[in-house]
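Participant:
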Amino acid sequence: LYSMCEHHLVPFHGVAHVAYIPGTNGRITGLSKIARLVDVFAKRPQVQERLTTQVADALVDELGARGVIVVVEAEHLCMSMRGVRKPGSRTVTSAVRGVMRDGATRAEAMSLIVGK
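In our numbering, the protein residues as written are 114 to 229.
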């Protein structure tokens, strides 16, 4: 994902990990639609925390998902280019909704995200 920090007007970039459990209505979406959803929210000046929650909330609202987890990992150029000047540092945010709040379900989703 690519976005623009609304505080400093410099870019941040990274990846969004998205997992959801369909609702009882059975509605699902194509993988490209999830990527597009992330892009829709990332196109505007943004803070990473809000971007993360907007993606999670949209999946619950639009699909009726029973559970959603969104983890965003991004490098903020405001951290790399100015201020503390820590190139390569990454910020990780998460939003968890519905049945993904259950410890075992959340742990399974996180293990898939981190690849362990």
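All C-beta atoms in this analysis are idealised placements derived from N, C-alpha and C, irrespective of residue type, glycine included.
Predicted, not measured: the structure shown is a model, and the values here were computed from it.
1. Look at the Cβ atom of V151, then the Cβ atom of L176, and state whether they are nearer than 9 Å.
2. Out of M213, S207, A217, T218, point me to the one whose CA is closest to A129's CA.
3. Only counting runs of 4 or more residues, tell me where the alpha helix (DSSP H) segments fall wholly within the region 131–178, in order along the chain.
4. Should S202 and M192 be called a contact, given that it needs their Cβ atoms to be closer than 9 Å?
5. For N168 and V183, which I take to be in contact (beta-carbon distance under 8 Å), what is that distance rounded to the nearest angstrom?
6. Rounded to whole angstroms, what's the CA-CA distance from A178 to P124? Just pull it up for me.
7. Quick one, which of D215, V131, H189, V209 has its alpha-carbon nearest H121's?
8. When you compare only the Cα positions, how much space is there between A187 and V181?
9. Is it true that the CB of I147 sits closer than 9 Å to the CB of V131?
10. Round the Cβ separation of M213 and A220 to the nearest angstrom and send it over; I've been treating them as touching at under 8 Å.
11. One question on the structure: do R157 and M117 come within less than 9 Å of each other, judged by their Cβ atoms?
12. Kindly identify the DSSP beta-bridge partner or partners of I182.
Facilitator: Well, looking at it:
1. Translated into positions along the sequence shown, residue 151 becomes position 38. Translated into positions along the sequence shown, residue 176 becomes position 63. Not a contact, by the Cβ cut-off of 9 Å.
2. For the purposes of this step, residue 129 is identified with residue 16 of the sequence shown, where counting begins at 1. Among M213, S207, A217, T218, the Cα nearest to that of A129 belongs to S207.
3. 144–155, 161–176
4. Position 89 of the sequence shown holds residue 202. Position 79 of the sequence shown holds residue 192. Yes, the pair counts as a contact, with Cβ atoms nearer than the cut-off.
5. In the sequence shown, residue 168 corresponds to position 55, counting from 1. In the sequence shown, residue 183 corresponds to position 70, counting from 1. Here the sequence assigns Val to residue 168, which means Asn is not the residue at that position. V168 to V183, Cβ: 5 Å. Contact.
6. As a first step, residue 178 is located in the sequence shown; it is residue number 65 there, counting from the start. As a first step, residue 124 is located in the sequence shown; it is residue number 11 there, counting from the start. In a straight line, the C-alpha of A178 is about 31 Å away from that of P124.
7. Position 8 of the sequence shown holds residue 121. The candidate whose alpha carbon is nearest that of H121 is H189.
8. Looking up residue 187 in the sequence shown gives position 74. Looking up residue 181 in the sequence shown gives position 68. Answer to the nearest angstrom: the Cα atoms are 20 Å apart.
9. Within the sequence shown, the letter at position 18 stands for residue 131. Within the sequence shown, the letter at position 34 stands for residue 147. Yes, Cβ-Cβ distance for V131 and I147 is below 9 Å.
10. Working through the sequence shown from its first residue, we reach residue 213 at position 100. Working through the sequence shown from its first residue, we reach residue 220 at position 107. That pair is no contact at about 10 Å.
11. Within the sequence shown, numbered from 1, the residue matching residue 157 stands at position 44. Within the sequence shown, numbered from 1, the residue matching residue 117 stands at position 4. Yes, these two residues count as a Cβ contact at 9 Å.
12. One-based indexing of the sequence shown puts residue 182 at position 69. Bridge partners of I182: A132, V209.
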